[in-house]
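Residue numbers for the sequence shown follow the numbering used here, beginning at 22 and rising by one.
Comments concern the structure below.
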Amino acid sequence: MLEATSRDFNNEPTSLCSAFPTKDPSARSTQNHMDYLGIDMSCAIGSLRNGEFPEKDCLLPLISKLLGYCLVAASITVKLPQIMKIVQHKSVRGLSVMAFELEVVGYTISLAYCLHKGLPFSAFGEMAFLLIQALILVACIYYYSQPVPVTTWIRPLLYCAVAPTVLAGQINPTLFEALYASQHAIFLFARLPQIWKNFKSKSTGELSFLTFFMNFAGSIVRVFTSLQEKAPLSILTGFALGVVTNGSILTQILLYSKPAAAKEKKAN
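Here you go:
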């Protein structure tokens, strides 16, 4: 899953939504003229002008910020390959409904926290795009899983009843913080049902390699950027778990798709 990179961990609560640091308006007048979109280019450009390659301490923070912007850009399309594969094959074979439903819950909590904190769109845009795609994905799963048991509709109905209240921030602040703190656990448990289902059936069905490859790559980037931003251990652990879970599913797709391809060749 692509969750956003960390913000300035020393000043603000860290969230999956916090892709970019928000700037203090009073500090803008002191910013160097080489500060573009929150990225300080003065160090790197200064070194290049002197005919020198930028040093590690100068280059790594710059790379971290650029990768953060790339993650936000990638979030716009990260789930589209999975959606397109389902629609193209008109099948949700091998997909765990609960896994994708939990993703929706996790993205909703993260986006709600961003809105509650009054962060700019640049900070929560990634979560908004991911939530929209996740909702479309769950809708596709329901549509191609007909007939859907009546009991299954309880979950989306409950979500529709609760989500607007959460997104509006109209809940107890203590409960809000508890929900926010639980988001890494939610994303972890969103992957475990799918991993188990793949292992049990020795097949990954209609899972999209490209979507999970982008999720895996995004998790690695988040670990790197979190280390650069000196993120709290809890945040770093959450992103590291993302590497493990997304990497596990990606490995399963590679392993379990080979026998299927071999069977198709024999059939032909």
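Even glycine gets a Cβ: it sits at the ideal position worked out from N, Cα and C.
Buried or exposed by the 16-neighbour rule on C-beta atoms within 10 Å, applied to Q167: Flag for Q167 reads exposed.
Reference A95; option with closest CA among Y277, I274, S240, S278: Selected option, being the one with the closest Cα: S240.
Secondary structure of V108, DSSP reduced to three states: Of the three classes helix, strand and coil, the one that applies to V108 here is helix, per DSSP.
Closest residue to V242 among A261, S112, I104, I107 (Cα-Cα distance): Relative to V242, the option among A261, S112, I104, I107 whose CA is nearest is A261.
Cβ pair V108, A155 closer than 8 Å: No, the pair does not count as a contact, with Cβ atoms beyond the cut-off.
Collapsed DSSP secondary structure at A189 in the structure displayed: In the structure shown, the three-state DSSP call for A189 is coil.
Y201 - DSSP class collapsed to helix/strand/coil: When DSSP states are grouped into helix, strand and coil, Y201 belongs to the helix group.
Pick from T232, F245, I216 that is closest to L87, judged by C-alpha positions: Considering only alpha carbons, the answer is F245.
Range covered by the alpha helix (DSSP H) that runs through I130: Segment 118-137, the alpha helix (DSSP H) holding I130.
Three-state secondary structure (DSSP) of I97: Coil, per DSSP.
Backbone CA spacing between P102 and K111 [nearest angstrom]: Approximately 14 Å, taken between the alpha carbons.
The alpha helix (DSSP H) enclosing S247, as first and last residue numbers: It spans 230-249 - the alpha helix (DSSP H) in which S247 sits, taken as one unbroken run.
Candidates Y90, G89, I104, L188, of which the one nearest E227 by Cα: With distances taken between Cα atoms, E227 lies closest to I104.
DSSP-derived helix/strand/coil call for R114: In the structure shown, R114 sits in coil (DSSP, three-state: anything other than H, G, I, E or B).
Cut-off 6 Å between Cβ atoms - residues of its own chain near H205, not counting five sequence neighbours on either side: Only G259 meet the Cβ criterion.
Euclidean distance between Cα positions of A184 and L83: When rounded, the separation of the alpha-carbon atoms in A184 and L83 is 37 Å.
contact_flag[the region 220-239, the region 171-178] where n(CB pairs < 8 Å) is 3 or more: No, because fewer than three Cβ pairs between the region 220-239 and the region 171-178 fall closer than 8 Å, the two stretches do not touch.
G139 to F210 span [Cα, whole Å]: Take the alpha-carbon of G139 and the one of F210: they are about 28 Å apart.
Residue burial classification, N219 (beta-carbon count within 10 angstroms, cutoff 16): Its Cβ being crowded by 16 or more others within 10 Å, N219 is buried.
C-alpha gap between S276 and S117, whole angstroms: The identity of residue 276 in the sequence shown is Leu, whereas the question assumes Ser. A straight line joining the alpha-carbon of L276 with that of S117 spans about 18 Å.
Rounded Cβ spacing between E250 and S131 (contact assumed at less than 8 Å): That belief does not hold up - the Cβ atoms of E250 and S131 are roughly 17 Å apart, past 8 Å.
Exposure of T129, with buried meaning 16 or more beta-carbon neighbours within 10 Å: Using a 10 angstroms sphere on the CB of T129, the tally of other CB atoms reaches 16 or more, which defines it as buried.
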